[in-house]
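Asker:
2 protein chains.
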Amino acid sequence: MPNSKPVISSSGLRDEDLRQAIELLFFAYRDFTARADAILAKQSFGRAHHRVIYFVGRHPGITVSALLEILGITKQSLARVLGQLVREHYILQKKGTQDGRQRLLHLTDKGRELERMLTTEQRARIAAAYKDAGPSAVEGFRKVMLGIMNDDARWRFKTRGD
Amino acid sequence: MPNSKPVISSSGLRDEDLRQAIELLFFAYRDFTARADAILAKQSFGRAHHRVIYFVGRHPGITVSALLEILGITKQSLARVLGQLVREHYILQKKGTQDGRQRLLHLTDKGRELERMLTTEQRARIAAAYKDAGPSAVEGFRKVMLGIMNDDARWRFKTRGD
DNA sequence: AAATATACGTCAGTATTGTTGACATATTAC
DNA sequence: GTAATATGTCAACAATACTGACGTATATTT
Numbered sequence: 220m221p222n223s224k225p226v227i228s229s230s231g232l233r234d235e236d237l238r239q240a241i242e243l244l245f246f247a248y249r250d251f252t253a254r255a256d257a258i259l260a261k262q263s264f265g266r267a268h269h270r271v272i273y274f275v276g277r278h279p280g281i282t283v284s285a286l287l288e289i290l291g292i293t294k295q296s297l298a299r300v301l302g303q304l305v306r307e308h309y310i311l312q313k314k315g316t317q318d319g320r321q322r323l324l325h326l327t328d329k330g331r332e333l334e335r336m337l338t339t340e341q342r343a344r345i346a347a348a349y350k351d352a353g354p355s356a357v358e359g360f361r362k363v364m365l366g367i368m369n370d371d372a373r374w375r376f377k378t379r380g381d
Numbered sequence: 220m221p222n223s224k225p226v227i228s229s230s231g232l233r234d235e236d237l238r239q240a241i242e243l244l245f246f247a248y249r250d251f252t253a254r255a256d257a258i259l260a261k262q263s264f265g266r267a268h269h270r271v272i273y274f275v276g277r278h279p280g281i282t283v284s285a286l287l288e289i290l291g292i293t294k295q296s297l298a299r300v301l302g303q304l305v306r307e308h309y310i311l312q313k314k315g316t317q318d319g320r321q322r323l324l325h326l327t328d329k330g331r332e333l334e335r336m337l338t339t340e341q342r343a344r345i346a347a348a349y350k351d352a353g354p355s356a357v358e359g360f361r362k363v364m365l366g367i368m369n370d371d372a373r374w375r376f377k378t379r380g381d
């Protein structure tokens with residue numbers, strides 16, 4: 220006799236498949252971040268520092284408030300991490316020319332070097348997975364990931380590369 | 220003239236694509252976990268409680284050490300959260316019959332109810348993304364996610380559903 | 001020019017989740 | 001009987017997040 224009847228949720232998809240997706244996200248994310256965390260620990264930085272370094276590197280001249288929105292954390296939470304990175308010269312703040320209230324964030328050479336160290340490992344991991352899976356799988360991966368995130372985050376990707 | 224020459228990494232993949240993947244992971248995971256966190260906060264539980272509830276629900280009778288390996292945290296970290304869930308009757312511990320040292324973990328009805336509350340939202344999110352993306356995209360998503368995680372985690376999926 | 005809004009910083013207190021390290025107990029394996 | 005294993009527990013600490021309140025500089029509005 221069959222193992223058991225597949226449970227079909229109201230969406231018409233098998234419950235098992237949906238649960239598997241939850242776990243794919245959990246394990247992929249857990250392992251994806253683990254190595255960078257280890258590197259960071261050596262400099263007594265944490266994952267939060269990594270994220271700041273990453274997004275400042277990605278968007279040179281980003282404002283503090285834009286960074287806050289990306290990270291989805293509070294000003295006070297960011298302040299501790301960002302303050303550290305600025306004091307230790309990983310990040311440089313430049314007063315905005317158009318709007319003098321803004322503090323535009325840039326990586327220093329030191330910051331860029333750390334950023335490279337951290338993401339090299341992650342990029343290699345992605346590259347291996349992409350090569351193994353093949354281009355059409357990558358396209359599917361992108362579609363599903365975009366579908367999972369909120370609308371706000373989604374159009375961050377729509378304006379690029381597509 | 221063209222925007223700029225695409226940077227090709229040593230893997231033969233465009234650097235931009237690899238960076239985009241990093242961000243897809245970040246935003247999808249961030250938004251995926253956000254709602255459940257909100258529900259949990261109302262019961263003064265956190266994400267750690269969710270993960271324990273989830274994996275015990277997924278693997279009834281799981282041992283403490285197996286759970287520790289899945290979660291990738293220390294015994295002491297788990298103890299606080301698990302102890303709470305046991306004291307408040309979300310999880311039941313049964314002494315192992317084969318090995319009397321083991322404490323096999325099970326959800327109670329109360330625990331199952333909380334589990335359902337938490338994952339209903341997440342399953343709906345996945346279901347919507349899957350439906351939108353289509354079956355072949357889902358297959359690609361699975362391939363890439365499996366490629367991203369470590370080998371240990373990967374064969375957790377190989378024995379099921381495939 | 002004065003009032004208001006915005007961008008950013010900072011202080012203080014608290015919760016959650018994770019870590020190390022050390023030690024205790026029950027049970028199984030040799 | 002001794003050693004290994006599965007689990008629990010105490011204590012101290014660090015990272016990351018939160019809320020709430022207040023301060024300062026600059027822009028915008030009236």
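Sequence order for the protein chains is A and B. Using my numbering, the first residue of the first sequence is number 220, and each one after it goes up by one. Using my numbering, the first residue of the second sequence is number 220, and each one after it goes up by one. Just so you know, even glycine gets a beta-carbon here, dropped at the ideal spot from N, CA and C. In this text, all values refer to a predicted model and were calculated from it rather than measured experimentally.
Have a look at A/G366, A/Q295 and A/I272 and flag the residue whose alpha-carbon is nearest the alpha-carbon of A/E307.
Answerer: In the first sequence, the residue the question calls residue 307 of chain A occupies position 88. Selected option, being the one with the closest Cα: A/I272.
Asker: For the putative contact between B/T282 and B/R266, defined by C-beta atoms under 8 Å, what is the C-beta separation to the nearest angstrom?
Answerer: Taking the second sequence and counting its residues from 1, one reaches residue 282 of chain B at position 63. Taking the second sequence and counting its residues from 1, one reaches residue 266 of chain B at position 47. In fact, because the Cβ distance is near 22 Å, the residues do not count as touching under 8 Å.
Asker: Identify the continuous beta strand (DSSP E) that holds B/I310 and give its terminal residues.
Answerer: To locate residue 310 of chain B, count along the second sequence from 1; it is residue 91. Per DSSP, B/I310 belongs to the beta strand (DSSP E) from I310 to K314.
Asker: Run down chain B in chain order and give the residues with a C-beta less than 8 Å from the C-beta of A/E332.
Answerer: The residue given as residue 332 of chain A occupies position 113 in the first sequence. Under the 8 Å cutoff, chain B gives no residues; its nearest Cβ is about 17 Å from A/E332.
Asker: Can you list, in chain order, the residues of the segment 322 to 353 of chain A whose Cβ is nearer than 8 Å to any Cβ on chain B?
Answerer: The segment 322 to 353 of chain A vs chain B, Cβ under 8 Å: T338, Q341, R342, A343, R344, I345, A346, A347, A348, Y349, K350, D351, A352 and G353.
Asker: Does DSSP put A/I367 in a helix, a strand or coil?
Answerer: Residue 367 of chain A sits at position 148 when you count from the first residue of the first sequence. A/I367 falls in the helix class under three-state DSSP.
Asker: What residues in the segment 243 to 260 of chain A bring their beta carbon closer than 8 Å to a beta carbon of chain B?
Answerer: Against chain B - using a Cβ distance shorter than 8 Å - the residues of the segment 243 to 260 of chain A are L243, L244, F245, F246, A247, Y248, R249, D250, F251 and A253.
Asker: Run through DSSP, which three-state label would A/I292 get?
Answerer: Reading the first sequence from its first residue, position 73 is the one you call residue 292 of chain A. Correct three-state label for A/I292: coil.
Asker: Roughly how many angstroms lie between the CA atoms of B/S229 and B/L243, to the nearest whole one?
Answerer: Here residue 229 of chain B refers to the residue found at position 10 of the second sequence. Here residue 243 of chain B refers to the residue found at position 24 of the second sequence. Distance between the alpha carbons of B/S229 and B/L243: 21 Å.
Asker: Any beta-carbon of chain A closer than 7 Å to the one on B/I310?
Answerer: Start at 1 with the first residue of the second sequence, and residue 310 of chain B comes out as number 91. No, its Cβ sits nowhere closer than 7 Å to a Cβ of chain A.
Asker: Give the residues from the segment 282 to 315 of chain B that approach chain A closer than 7 Å (Cβ to any Cβ), ordered along the chain.
Answerer: Cβ contacts with chain A: G291.
Asker: Exposed or buried, which one is A/G380 when buried takes at least 16 other CB atoms within 10 Å?
Answerer: Against the first sequence, residue 380 of chain A aligns to sequence position 161. Note that A/G380 scores 44 on pLDDT, short of 50, meaning its location in the model is unreliable and no value can be drawn from it.
Asker: How would you write the range of the alpha helix (DSSP H) that A/R335 sits in, first residue to last?
Answerer: As a first step, residue 335 of chain A is located in the first sequence; it is residue number 116 there, counting from the start. Looking at the DSSP string, the run of the alpha helix (DSSP H) that includes A/R335 is D328 to A352.
Asker: Could you name the residues that DSSP lists as bridge partners for B/H325?
Answerer: Along the second sequence, one-based indexing puts residue 325 of chain B at 106. In the DSSP output, where bridge partners are listed per residue, B/H325 has B/L311.
Asker: Closer than 7 Å, CB to CB, is A/V363 near chain B or not?
Answerer: One-based indexing of the first sequence puts residue 363 of chain A at position 144. Cβ-Cβ to chain B under 7 Å: yes for A/V363.
Asker: In chain A, what lies closer than 7 Å to B/G366 by C-beta?
Answerer: On the second sequence, position 147 is the one that residue 366 of chain B refers to. Simply A347, A348, D351 and A352.
Asker: Pull up the DSSP beta-bridge partners for A/R233, would you.
Answerer: As a first step, residue 233 of chain A is located in the first sequence; it is residue number 14 there, counting from the start. A/I227, per the DSSP bridge assignment.
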